[in-house]
Amino acid sequence: MSAIAINDTEFSTGDLWVFGYGSLMWRPGFEFIERVPARLIGEHRALCVYSFVHRGTPEKPGLVLGLDRGGACRGVAFRIAEKNRAATIAYLREREQVTSVYREVKRSVWLENEARQRVSALVYVVDRGHVQYAGRLSLAEQLRHVLQGHGQSGVNRDYVLATVKAIEAAGFRDSHLHRLAAMLHDQHPLPLPAENSDR
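Note that the numbering used here has the sequence shown beginning at 1, numbered continuously upward.
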(Lines of atoms letter the chains of each structure in order from A and count residues from 1; the text may use other names and numbers.)
(Lines give C-alpha, C1' and ligand atoms only; values in the text may rest on other atoms or scores of the structure.)
Protein backbone atom coordinates (compact mmCIF):
# COMPACT_ATOMS: atom_id res chain seq x y z
CA MET A 1 0.00 0.00 0.00
CA SER A 2 1.50 3.33 -1.03
CA ALA A 3 1.54 6.28 1.33
CA ILE A 4 -0.99 9.06 0.74
CA ALA A 5 1.22 12.12 0.38
CA ILE A 6 0.90 15.68 -0.84
CA ASN A 7 2.39 16.43 -4.24
CA ASP A 8 5.51 18.51 -3.68
CA THR A 9 4.17 21.19 -6.05
CA GLU A 10 1.35 21.86 -3.55
CA PHE A 11 3.79 23.14 -0.94
CA SER A 12 4.01 26.92 -1.11
CA THR A 13 7.37 28.59 -0.90
CA GLY A 14 8.57 30.03 2.38
CA ASP A 15 8.58 28.53 5.83
CA LEU A 16 6.71 25.30 6.56
CA TRP A 17 4.26 24.83 9.44
CA VAL A 18 3.76 21.37 10.95
CA PHE A 19 0.96 20.56 13.43
CA GLY A 20 1.83 18.07 16.18
CA TYR A 21 -0.80 16.44 18.38
CA GLY A 22 0.93 13.29 19.72
CA SER A 23 4.59 12.31 19.92
CA LEU A 24 5.61 15.27 17.74
CA MET A 25 4.70 17.48 20.71
CA TRP A 26 7.45 15.96 22.86
CA ARG A 27 9.84 14.49 20.27
CA PRO A 28 9.62 16.47 17.03
CA GLY A 29 12.94 15.19 15.66
CA PHE A 30 13.44 18.16 13.34
CA GLU A 31 14.85 21.66 13.61
CA PHE A 32 12.32 24.46 14.03
CA ILE A 33 12.46 28.21 14.52
CA GLU A 34 9.16 28.67 16.35
CA ARG A 35 6.83 26.52 18.43
CA VAL A 36 3.32 27.85 19.12
CA PRO A 37 0.25 26.32 20.83
CA ALA A 38 -2.36 25.82 18.11
CA ARG A 39 -5.85 24.53 17.44
CA LEU A 40 -7.16 22.53 14.51
CA ILE A 41 -10.91 22.47 13.83
CA GLY A 42 -12.70 19.53 12.19
CA GLU A 43 -10.69 16.63 13.58
CA HIS A 44 -9.92 15.37 17.07
CA ARG A 45 -7.06 13.49 18.72
CA ALA A 46 -7.91 9.83 19.39
CA LEU A 47 -6.13 6.58 20.21
CA CYS A 48 -7.50 5.11 17.01
CA VAL A 49 -4.44 3.55 15.34
CA TYR A 50 -3.18 0.02 15.98
CA SER A 51 0.61 0.23 16.17
CA PHE A 52 2.40 -2.60 14.37
CA VAL A 53 5.90 -1.05 14.37
CA HIS A 54 6.68 1.85 16.74
CA ARG A 55 4.68 0.78 19.83
CA GLY A 56 3.54 -2.75 19.05
CA THR A 57 3.68 -5.65 16.61
CA PRO A 58 1.09 -7.22 14.29
CA GLU A 59 0.79 -10.07 16.83
CA LYS A 60 0.46 -7.73 19.83
CA PRO A 61 -0.64 -4.33 18.52
CA GLY A 62 -0.15 -1.25 20.60
CA LEU A 63 -2.27 1.87 20.21
CA VAL A 64 -1.17 5.31 19.04
CA LEU A 65 -2.84 8.60 18.26
CA GLY A 66 -4.40 9.74 15.04
CA LEU A 67 -6.53 12.69 14.04
CA ASP A 68 -10.03 11.38 13.37
CA ARG A 69 -12.92 13.29 11.89
CA GLY A 70 -15.09 15.64 13.94
CA GLY A 71 -14.48 18.04 16.80
CA ALA A 72 -11.28 19.98 17.36
CA CYS A 73 -7.74 19.34 18.57
CA ARG A 74 -5.31 21.45 20.54
CA GLY A 75 -1.66 20.80 19.88
CA VAL A 76 1.53 22.53 18.80
CA ALA A 77 2.46 24.21 15.51
CA PHE A 78 6.13 24.20 14.54
CA ARG A 79 7.55 26.69 12.05
CA ILE A 80 10.39 25.27 9.97
CA ALA A 81 12.73 27.47 7.97
CA GLU A 82 12.35 27.24 4.19
CA LYS A 83 15.89 25.86 3.82
CA ASN A 84 14.94 22.86 6.02
CA ARG A 85 11.52 22.25 4.44
CA ALA A 86 12.47 19.39 2.08
CA ALA A 87 14.54 17.56 4.71
CA THR A 88 11.77 17.92 7.33
CA ILE A 89 9.08 16.59 4.98
CA ALA A 90 11.31 13.63 4.06
CA TYR A 91 11.93 12.91 7.76
CA LEU A 92 8.23 13.09 8.63
CA ARG A 93 7.27 10.79 5.76
CA GLU A 94 9.80 8.21 6.91
CA ARG A 95 8.54 8.45 10.49
CA GLU A 96 4.78 8.74 9.99
CA GLN A 97 4.22 6.76 6.80
CA VAL A 98 6.04 3.55 7.73
CA THR A 99 2.81 1.53 7.23
CA SER A 100 0.82 4.22 5.36
CA VAL A 101 -1.86 4.44 8.07
CA TYR A 102 -1.79 8.25 7.93
CA ARG A 103 -2.81 10.60 5.15
CA GLU A 104 -0.51 13.57 4.65
CA VAL A 105 -2.70 16.68 4.30
CA LYS A 106 -2.64 20.45 4.62
CA ARG A 107 -5.03 21.91 7.20
CA SER A 108 -5.74 25.37 8.58
CA VAL A 109 -4.63 25.72 12.17
CA TRP A 110 -5.18 28.70 14.45
CA LEU A 111 -2.11 29.81 16.36
CA GLU A 112 -2.83 30.57 20.00
CA ASN A 113 -0.42 33.48 20.26
CA GLU A 114 -0.96 37.24 20.38
CA ALA A 115 -1.48 37.47 16.62
CA ARG A 116 -4.07 34.63 16.62
CA GLN A 117 -3.37 34.09 12.94
CA ARG A 118 -4.44 31.16 10.81
CA VAL A 119 -1.72 29.22 8.99
CA SER A 120 -1.74 26.26 6.62
CA ALA A 121 0.10 23.36 8.25
CA LEU A 122 1.26 19.90 7.29
CA VAL A 123 -0.75 17.35 9.29
CA TYR A 124 -0.99 13.56 9.47
CA VAL A 125 -4.57 12.30 9.82
CA VAL A 126 -5.70 8.69 10.09
CA ASP A 127 -6.77 6.80 6.97
CA ARG A 128 -10.09 5.26 8.03
CA GLY A 129 -9.83 2.65 5.28
CA HIS A 130 -6.52 1.26 6.56
CA VAL A 131 -6.33 -2.11 8.35
CA GLN A 132 -4.66 -0.36 11.34
CA TYR A 133 -7.58 2.00 11.89
CA ALA A 134 -8.99 0.94 15.27
CA GLY A 135 -12.04 3.21 15.33
CA ARG A 136 -13.60 4.08 18.66
CA LEU A 137 -12.40 1.62 21.30
CA SER A 138 -13.67 1.41 24.86
CA LEU A 139 -11.37 2.61 27.63
CA ALA A 140 -10.86 -1.02 28.70
CA GLU A 141 -9.81 -2.02 25.17
CA GLN A 142 -7.46 0.95 24.96
CA LEU A 143 -5.88 0.00 28.29
CA ARG A 144 -5.38 -3.61 27.17
CA HIS A 145 -3.61 -2.62 23.95
CA VAL A 146 -1.45 0.02 25.63
CA LEU A 147 -0.36 -2.41 28.36
CA GLN A 148 0.63 -5.08 25.83
CA GLY A 149 2.21 -2.73 23.27
CA HIS A 150 5.97 -2.71 22.78
CA GLY A 151 7.66 -1.86 19.49
CA GLN A 152 10.73 -0.36 17.83
CA SER A 153 10.26 3.00 19.57
CA GLY A 154 9.63 1.49 23.01
CA VAL A 155 6.82 0.75 25.44
CA ASN A 156 3.31 1.91 24.52
CA ARG A 157 2.58 3.04 28.10
CA ASP A 158 5.52 5.48 27.96
CA TYR A 159 4.15 6.98 24.73
CA VAL A 160 0.76 7.71 26.31
CA LEU A 161 2.23 9.15 29.52
CA ALA A 162 4.75 11.32 27.64
CA THR A 163 1.95 12.71 25.47
CA VAL A 164 -0.19 13.54 28.52
CA LYS A 165 2.81 15.27 30.10
CA ALA A 166 3.35 17.33 26.91
CA ILE A 167 -0.34 18.26 26.80
CA GLU A 168 -0.18 19.46 30.41
CA ALA A 169 3.02 21.41 29.69
CA ALA A 170 1.18 23.16 26.84
CA GLY A 171 -1.43 24.27 29.38
CA PHE A 172 -4.49 22.17 28.53
CA ARG A 173 -6.04 18.76 29.17
CA ASP A 174 -7.35 15.89 27.09
CA SER A 175 -10.01 14.20 29.23
CA HIS A 176 -9.84 10.81 27.43
CA LEU A 177 -6.05 10.57 27.56
CA HIS A 178 -5.91 11.80 31.14
CA ARG A 179 -8.40 9.09 32.18
CA LEU A 180 -6.30 6.43 30.49
CA ALA A 181 -3.11 7.80 32.05
CA ALA A 182 -4.69 7.54 35.52
CA MET A 183 -5.56 3.90 34.81
CA LEU A 184 -1.99 3.23 33.61
CA HIS A 185 -0.64 4.67 36.86
CA ASP A 186 -3.00 2.39 38.81
CA GLN A 187 -1.82 -0.65 36.82
CA HIS A 188 1.83 0.16 37.45
CA PRO A 189 2.28 1.85 40.82
CA LEU A 190 5.57 3.62 41.37
CA PRO A 191 8.23 1.40 42.98
CA LEU A 192 8.96 1.88 46.66
CA PRO A 193 12.16 3.74 47.56
CA ALA A 194 15.12 1.34 47.86
CA GLU A 195 15.44 1.70 51.62
CA ASN A 196 11.85 0.48 52.13
CA SER A 197 12.14 -2.39 49.68
CA ASP A 198 12.36 -6.02 50.82
CA ARG A 199 14.48 -6.87 47.78
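No residue lacks a Cβ here, since even glycine has one placed at the ideal position from N, Cα and C.
Since we're looking at a predicted model, the values are computed, not measured.
Suppose contacts are defined by Cβ-Cβ distances below 8 Å. Is residue i in contact with residue j by that definition?
i, j, result
"Arg107", "Phe19", "yes"
"Gly129", "Pro61", "no"
"Ala38", "Val76", "yes"
"Tyr159", "Val53", "no"
"Arg57", "Gly151", "According to the sequence shown, residue 57 is Thr rather than Arg. Closer than 8 Å, so yes."
"Gly22", "Glu43", "no"
"Val123", "Tyr133", "no"
Determine which residues share a DSSP beta bridge with residue i and list them.
i, result
"Gly20", "Val76"
"Gly154", "Gly151"
"Ile41", "Ala72"
"Ala170", "Answer by DSSP bridge pairing: none, since Ala170 is not bridged."
"Ala140", "For Ala140, which the question treats as bridged, DSSP gives no partner whatsoever."
How many whole angstroms separate the CB atoms of residue i and residue j, which I take to be in contact at a CB cut-off of 8 Å?
i, j, result
"Tyr101", "Val49", "Checking the sequence, you will find Val at residue 101 rather than Tyr. The Cβ separation is near 6 Å, so the contact holds."
"Trp26", "Ala166", "4 Å"
"Val164", "Leu143", "Val164 to Leu143, Cβ: 14 Å. No contact."
"Ala90", "Asp68", "At roughly 26 Å, the Cβ-Cβ gap does not stay under 8 Å, so Ala90 and Asp68 are not in contact."
"Asp15", "Ala115", "With a Cβ gap of about 15 Å, Asp15 and Ala115 do not count as contacting."
Exposed or buried, residue i, counting other C-beta atoms within 10 Å across all chains shown (16 or more means buried)?
i, result
"Gly171", "exposed"
"Leu40", "buried"
"Asn196", "Bear in mind that the predicted position of Asn196 carries a pLDDT of just 38, short of 50, making it unreliable; the figure below should be weighed with that in mind. Exposed is the call here."
"Glu168", "exposed"
"Asn113", "exposed"
"Thr13", "exposed"
Ignoring anything shorter than 4 residues, give me the alpha helix (DSSP H) runs that lie fully in the segment 53 to 129, in order along the chain. 85 to 96
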